[in-house]
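Accompanying notes for the structure given below.
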Amino acid sequence: MTLRKEKGWSQGYLAKQSGVSRKMIGKYERGEAVPSIETAKKIASALGVTLACLAGEASSAAFDRRTVERIQDIEQLDEGEKQHVFDLLDTFLAKNKMQAILK
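Here it is, written out as structure tokens:
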């Protein structure tokens, strides 16, 4: 429910986007029913998150699907390319942390 509300979506809109009935979305949110893995995948896909994020069980629960896919793509790079990506990322992260400290 939190992810749906964060997006400003109604149960009906999530139902339309996921192909799951609004009635069942409501039951899942109230804890009256548990979706099958296939249904949970549809809901996660509609929300643009991983199944782990939807379940709230992974340490990467705050990552959306796009972030997870990018991390997986980075893992496919050779070590030199990977290091360049990490160096660039570290630069932006350090800048962001410094700006947060100075505020």
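Under UniProt numbering, read the sequence shown as residues 1 to 103, first letter to last.
The beta-carbon is built from N, C-alpha and C at its ideal position, and this holds for glycine as well.
Point to revise | Nonlocal neighbours in the same chain, by C-beta distance under 8 Å from LEU54, ignoring five residues either side | key: Cβ neighbours of LEU54 beyond the five flanking positions: LEU3, ALA40, ILE43, ALA44, LEU47.
Exercise for review: For the alpha helix (DSSP H) containing LEU102, list its first residue and its last residue.
Suggested key: If you look at LEU102, you'll find it in the alpha helix (DSSP H) that goes 79–102.
Point to revise | Distance CB(THR50)-CB(ARG65) smaller than 8 Å | key: Their beta carbons are under 8 Å apart, which means THR50 touches ARG65 by this criterion.
Check your understanding: Can you list, in chain order, the residues of its chain whose CB lies under 7 Å from that of ARG22, leaving out five sequence neighbours each side?
Key -> Residues of the same chain with a CB within less than 7 Å of the CB of ARG22, apart from the 5 flanking positions on each side, are GLN11, GLY12, ALA15 in chain order.
Review point. Cα separation between GLN76 and PRO35?
Key: When rounded, the distance between both Cα atoms is 33 Å.
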